[in-house]
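Engineer: Residue numbers (my numbering): 2 to 377.
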Amino acid sequence: MGRRTRFIVKAHAWTAAVHALPTFALVHAFGPWIGACAGSSIWVAVAFRLHRLGHDRPKPRWVTRLVDEPVYAHWGACALGVLLWPLTTLAIAGFSGAGTASALFGAAAPAYFLALLVMAWGVYVNRRRVRIHRIELAFTDLPPAFDGFRITQLSDLHIGSYDRVERGVAWAKLANSLRGDLTVVTGDLVTAGTAFYPDVTEAISELRAPCGVLVAMGNHDQWNNDELTALLTARDVEVLRNRWLPIERGDDTLVIAGLDDAFTGKDDLAATLKGRPQPAFTVLLSHYPRFFAAACESGVQLTLSGHTHGGQLGVPWFADRWNIATLLGERPRGTFSAEGAVLHVNAGLGTTGPPLRIGVRPEISVITLRRASAVG
């Protein structure tokens, strides 16, 4: 059994397991036969639709809005509701004095609808509430001419069925309004396939900055990197794939380097940094935060990454600590430092997998570089 097949089998098994919640609710409301048949039918329909969503292809907007997004909200409600189910069971048993079995059935519907409210918020509201994350980073070796230099970072746009070109253009206009000196995009421009390459090219071509717009590739861009690079280059967007560019102010130079896609094994940090002037203050665009350690060893002062979406699903108010990314041992979002170097992980703008964000808002980062002596 291949890796993809194993993943699909596990996904369907998980979907079946969490559908115990609505099935119990339907059994409680309509009796065992009707409830079990209805619950099983819902599971089959959801599993079938989720299976078809494995590849993001262009589709009518009404299908996305009226079918796919509700399916994901329901699926998420089943998963979260299973976690809430013991609490609602205890609450009903405590207030009504019902037996455990009776309370278990009676508590299924409240658990589901509470979870559905949370998931609907994540699908329809929270994933569209872009925050502007402004930070200042101080470095002792920053060239004087670049004190106050501002980098606007976007990441993980995932342009596709859920975040279409119109939203990408809106993100670009918002980024332009922040008036950074340089704008960078750190990978995962699309969700899957090549169908949305023209759309994301249109969105990124709307970005403006005095020192230009630079793009690095992510794992979701690996379907045809050459095609995507050609489209962006034709619109005067620089794509950094294992290479660097200088930004000069007077006698001072800032090196901006971009690492190619690690998913396809095209990444080469040594080649990316080869030939840069020494000494040189270097900013590395690396989709994966895990390259930070190697970047530090190579003398990179600042690494800008994305990939983890801030976890995308986290515990509200505690999402920076408890989220999907930290569960998997990844850095979710924010700023990290080691050996005098800094890593900034952007939470991204789009989504992958379920089109929802819980506890983690999409963001655009504005990073202001300072010389250490210039910070009070």
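Every residue gets a Cβ at the ideal spot worked out from N, C-alpha and C, and that includes glycine. Since this is a predicted model, take the numbers as computed values, not measurements.
Just how far apart, CA to CA, sit P278 and D222?
Structural biologist: If you take the alpha carbons of P278 and D222, they lie about 30 Å apart.
Engineer: Assuming L155 contacts L350 (C-beta within less than 8 Å), just tell me the rounded distance between them.
Structural biologist: Right, their Cβ atoms sit about 6 Å apart.
Engineer: Does G377 pass the burial test, meaning 16 or more other C-beta atoms within 10 Å, or should it be called exposed?
Structural biologist: Confidence is the limiting factor: at G377 the pLDDT is only 46, short of 50, which leaves the residue's position unreliable, though a coordinate-based value still follows. Classification for G377: exposed.
Engineer: Would you mind working out which of D57, H20, H56 sits nearest S41, comparing C-alpha positions?
Structural biologist: If we check each option's Cα against that of S41, H20 comes out closest.
Engineer: Name the DSSP bridge partner or partners of D132?
Structural biologist: As written in the sequence, residue 132 is Arg, which differs from the Asp given in the question. R132 is bridged to E364.
Engineer: Sort H134, F147, G36 by Cα distance to D252 and report the nearest one.
Structural biologist: That would be F147, whose Cα lies nearest to the Cα of D252.
Engineer: Kindly indicate the opening and closing residues of the beta strand (DSSP E) around W245.
Structural biologist: Run containing W245: 244 to 250, per the beta strand (DSSP E) assignment.
Engineer: Would you check if the distance between the CB atom of G169 and the CB atom of A204 is smaller than 7 Å?
Structural biologist: Taking 7 Å as the Cβ cut-off, G169 and A204 qualify as a contacting pair.
Engineer: Over the uninterrupted alpha helix (DSSP H) stretch that includes G77, give me the two end residues.
Structural biologist: That run of the alpha helix (DSSP H) goes 70 to 97.
Engineer: Quick check on this structure: which residue in G259, A281, Q313, V316 has the alpha carbon closest to the alpha carbon of Y289?
Structural biologist: Answer by Cα proximity: G259.
Engineer: Taking the CB atoms as reference points, tell me whether I368 and I152 lie closer together than 7 Å.
Structural biologist: Contact: yes.
Engineer: State buried or exposed for V284, treating a residue as buried only when at least 16 other CB atoms are found within 10 Å of its CB.
Structural biologist: Buried, by the Cβ-count rule.
Engineer: Let's see if you can read the secondary structure: which residues bound the beta strand (DSSP E) around S338?
Structural biologist: Residues 335 to 339.
Engineer: Would you call the CB atoms of V216 and V238 closer than 7 Å?
Structural biologist: Yes. Within cutoff.
Engineer: Of all Cβ atoms in chain C, is any one closer than 7 Å to the Cβ of I35?
Structural biologist: Absence of chain C from the displayed structure is noted, only one protein chain being present.
Engineer: Using three-state DSSP, classify H345 as helix, strand or coil.
Structural biologist: Looking at H345 - three-state DSSP - the assignment turns out to be strand.
Engineer: Buried or exposed: where does H310 fall if 16 or more other Cβ atoms within 10 Å of its Cβ makes it buried?
Structural biologist: Counting Cβ neighbours within 10 Å, H310 comes out buried, since at least 16 surround it.
Engineer: Indicate whether the contact test is met: 3 or more Cβ pairs, each with one atom in the segment 114 to 128 and one in the segment 329 to 337, closer than 8 Å.
Structural biologist: Output reads no: the segment 329 to 337 does not touch the segment 114 to 128.
Engineer: In terms of alpha-carbon separation, which member of A17, L158, L229, V64 lies closest to G1?
Structural biologist: Residue coverage of the chain in this structure runs from 2 to 377, which leaves residue 1 outside it and unanswerable.
Engineer: Buried or exposed for G307, please, with buried defined as at least 16 other CB atoms from any protein chain shown within 10 angstroms of its CB.
Structural biologist: Label assigned to G307: buried.
Engineer: Measure from the alpha carbon of D269 to the alpha carbon of each residue in F292, I365, H52, then state which is nearest.
Structural biologist: Of the listed residues, the one whose Cα sits closest to D269 is F292.
Engineer: Looking at G82 and I359, is the spacing between their C-beta atoms short of 7 Å?
Structural biologist: Not a contact, by the Cβ cut-off of 7 Å.
Engineer: Which residue marks the beginning of the beta strand (DSSP E) containing L117, and which one marks its end?
Structural biologist: From DSSP, L117 is part of no beta strand (DSSP E) but of the alpha helix (DSSP H) over 101 to 125.
Engineer: Please confirm if the segment 81 to 101 is in contact with the segment 20 to 35, defined as three or more CB-CB distances below 8 Å between the two stretches.
Structural biologist: Touching, yes.
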